[in-house]
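What follows is a single structure, written as structure tokens, with notes after it.
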Amino acid sequence: MRMQYEATLETLENLRAESIAAGGAEKINAQHRKGKLTARERIDLLVDDDSFEEFDVLKTGRGGALGSEPTYAGDGVIAGHGAIDGREVFVFSQDFTVMGGSLGEAHAQKICKVMDLAVKVGAPIIGLSDSGGARIQEGVDALAAYGEIFHRNVRASGVVPQISCIMGPCAGGAVYSPSITDFVFMVRESSYMFVTGPSVVKTVTHQEITSEDLGGAQIHAQKSGVAHFIASNDVLCLREVRRLVNYLPSNFRQRAPMMDLRDPADRIDPALDYLVPENPNQSYDMNVLIHSILDGAEFMEVHPGFARNIICGFGRLGGQTIGLVANQPAVLAGVLDSDASFKAGRFVRFCDAFNIPLIALVDVPGFMPGPDQEHGGIIRHGAKLLYAFTEATVPRITVIVRKAYGGAYLVMNSKHIHCDVNYAWPTAEIAVMGPKGAAEVIFRREIQSAEDPETVLNEKMAHYRRTFANPFLAAKRGYIDDVIFPRDTRHRLIRTLQVLEGKEAKRPERKHGNIPL
Ligand code: HXC
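Residues in the sequence shown are numbered from 443 upward in steps of one, following the numbering used here.
Structure, rendered in structure tokens:
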């Protein structure tokens, strides 16, 4: 009897060893030669030491519809839970050394199991993708399996944060799981994402293009906006994931963890009084203001390479995580275009879903003019940001730093779409449009008939600027809660966040709104 038990123990040990050996030394070496870590090495770096608990180590597939395929313990994915700085997260990590990390029925069931548990207990889901896609031998079973994951991605959206790291191939319909998740990380030169690869592109369009140029990290971080973060290698990528998780609550019922960076709430920065240049056409870097006001000058920018005319990211004020949306006058004068509206709209919705207060820093000359933007749907895209800010029920604070013109002023978390508290710097210019455009419209005849049109235009612009391009008209109406000294911005924001702590906002009863997607 005892001998039988010992044999069982030995079997268990062997099966575990087989699962841990994954695709074997040769395949592991090949993975390392490509500059990639293995699925287990990645998990070790992602979670706290000795915190990982694995499920389904012994699970295998059924061998595929073709009948003769080998099965592997673990079926090419490692799934379980571990901690990030003491807080639980659920993880799955695809193992490229086992059948190219391809996704079959058992592989997907392992992923679904941790996703289900994550939603039950309210902890983030982190997926590390490195996969050849649907396991071809499993046919429609593999496609069905993807459907089960997509279904769970959607069900978990807004319940727990979902983070995807693309650390190898991710092609075909498989891309849609990460793209539903909240944040996508990619690793330079070892990851790519596309719906159809270079060979199909060549067949259909006769274009020659490499995987990197079609769907590498750089492209998705700068052009398509699919990747929110990119890293030079696996180690740095996983470190950044840990950093991101520390800004977030574990689920929609919780608040993000407080973190005291020992930065006094009443710290003032006299240099801010001179941040905005005298010449209204001159730009400055909004990052100076952002770093000045945040605790410890720490800011985790989301989508830093995409639509750089708007800045989105996480920081802390008085220890509390905040989501910051700021126009960037140093890029395209901080204008709102389609990409910027999409980027900020999705960020605002994430913050609202997860109880992260929103702060808008405004210096926006308007929406980007031109047929490219109009034909590309700036109306649809701009509406996303308007909708996202308007429906957000988290504390919402706005600081108008300089320009706040026209529709863009309204969209950027204005009082009129019910932000909770708004401030203006003395440099704020709140008006229907900029002085030049305005003077040309309202004084057109006078300017055209003048002997020296340019002098008249300049006079009219100066007059307009004195009348409208300041915060005082809006403050008189009560559209601005206070005109503040720039140096006090941090302190005022922290006090306002404290007072909004108990904010309760109800939405009208309905199934769900219909955001213009
Ligand atoms: C089964 C696969 C596989 C797959 C790779 N492998 N992809 N096995 N199903 N989808 C296996 C290979 O046979 C090989 O096994 C091992 O993984 C490593 O693959 P290599 O080709 O040697 O590696 P590499 O040269 O690095 O190329 C990686 C690759 C390539 C670019 C991912 O393998 C590839 O093109 N695979 C097919 C990709 C694909 O078309 N997938 C379907 C996409 S459509 P051995 O035994 O030799 O080590 C899709 C639909 C999802 O996913 C739909 C969701 C709705």
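Cβ coordinates follow ideal geometry from the N, Cα and C atoms, glycine included.
Predicted, not measured: the structure shown is a model, and the values here were computed from it.
Residue 451 counts as exposed, since fewer than 16 other beta carbons sit within 10 angstroms of its beta carbon. Rounded to whole angstroms, the gap between the alpha carbons of residue 699 and residue 693 is 11 Å. In this chain, the alpha helix (DSSP H) harbouring residue 560 covers 547-563. The count of Cβ pairs closer than 8 Å, one atom from the segment 925-935 and one from the segment 888-899, stays below three, leaving the stretches out of contact. Checking the DSSP bridge columns, you'll see residue 924 partnered with 865.
Minimum Cα-Cα distance from residue 946 among the listed residues 889, 836 and 828 corresponds to 836. Here the segment 621-629 lies against the segment 669-687, with 3 or more beta-carbon pairs under 8 Å apart. Excluding sequence positions up to five before and after residue 938, its CB lies within less than 6 Å of the CB of 839 and 863, all in the same chain and listed in chain order. For residue 597, the uninterrupted alpha helix (DSSP H) run begins and ends at 581-598, by DSSP. Counting only runs that start and end inside the segment 739-781, the beta strand (DSSP E) elements of at least 3 residues fall at 741-744, 752-759 and 762-769. Beyond the five residues adjoining it in sequence on each side, residue 572 comes within less than 6 Å, by CB distance, of 536, 538, 543, 609 and 610 in the same chain, given in chain order. Within the same chain, and ignoring the five residues on either side of residue 585 in sequence, the residues whose Cβ sits closer than 7 Å to its Cβ are 576.
With a contact defined as Cβ atoms closer than 8 Å, residue 556 and residue 522 qualify at about 7 Å. Contact between residue 703 and residue 738 holds, with the beta-carbon distance rounding to 4 Å and staying under 8 Å. One Cα belongs to residue 641, the other to residue 603, and the distance between them is close to 35 Å. Apart from the 5 residues on each side of it in sequence, residue 923 sits with its Cβ closer than 7 Å to the Cβ of 863, 864 and 865 in its chain, given in chain order. According to the DSSP assignment, residue 611 belongs to no alpha helix (DSSP H) but to the beta strand (DSSP E) extending over 611-613. For the segment 813-883, the continuous beta strand (DSSP E) assignments of 3+ residues that do not extend past its boundaries occur at 838-847, 863-866 and 871-873, in sequence order.
Taking a C-beta distance under 8 Å as the contact criterion, residue 806 and residue 831 do not qualify as a contact pair. Boundaries of the alpha helix (DSSP H) harbouring residue 890: 886-891, taken from the DSSP string. For residue 800, the enclosing beta strand (DSSP E) starts and ends at 800-806. By the CB criterion at 8 Å, residue 906 and residue 881 fall inside the cutoff. The beta-bridge partner set that DSSP reports for residue 954 is empty. Annotated three-state conformation of residue 444 is helix, per DSSP. DSSP places residue 732 in no beta strand (DSSP E) but in the uninterrupted alpha helix (DSSP H) bounded by 728-735. In the DSSP assignment, residue 474 falls outside any beta strand (DSSP E) and lies within the alpha helix (DSSP H) extending over 467-475.
Separation of the CB atoms of residue 875 and residue 848 is rounded to 5 Å, and the pair is thereby assigned contact status at 8 Å. Considered as a whole, the segment 621-670 harbours 625-629 and 634-636 as its complete beta strand (DSSP E) runs of no fewer than 3 residues, in chain order.
Your pair residue 475 and residue 520 does not check out as a contact, with CB atoms roughly 21 Å apart and the cut at 8 Å. Excluding sequence positions up to five before and after residue 632, its CB lies within less than 7 Å of the CB of 476, 477, 478, 609 and 610, all in the same chain and listed in chain order.
Excluding sequence positions up to five before and after residue 496, its CB lies within less than 8 Å of the CB of 520, 521 and 522, all in the same chain and listed in chain order. The beta-carbon separation of residue 567 and residue 488, rounded to 12 Å, does not stay under the 8 Å limit for a contact.
Taking one beta carbon from each stretch, the segment 779-793 and the segment 609-623 have fewer than 3 pairs nearer than 8 Å; the two do not touch.
The three-state secondary structure of residue 503, taken from DSSP, is coil.
For residue 717, no alpha helix (DSSP H) segment is defined, and its DSSP state is neither H nor E. Closest by C-alpha distance to residue 727, out of 770, 941 and 714, is 770.
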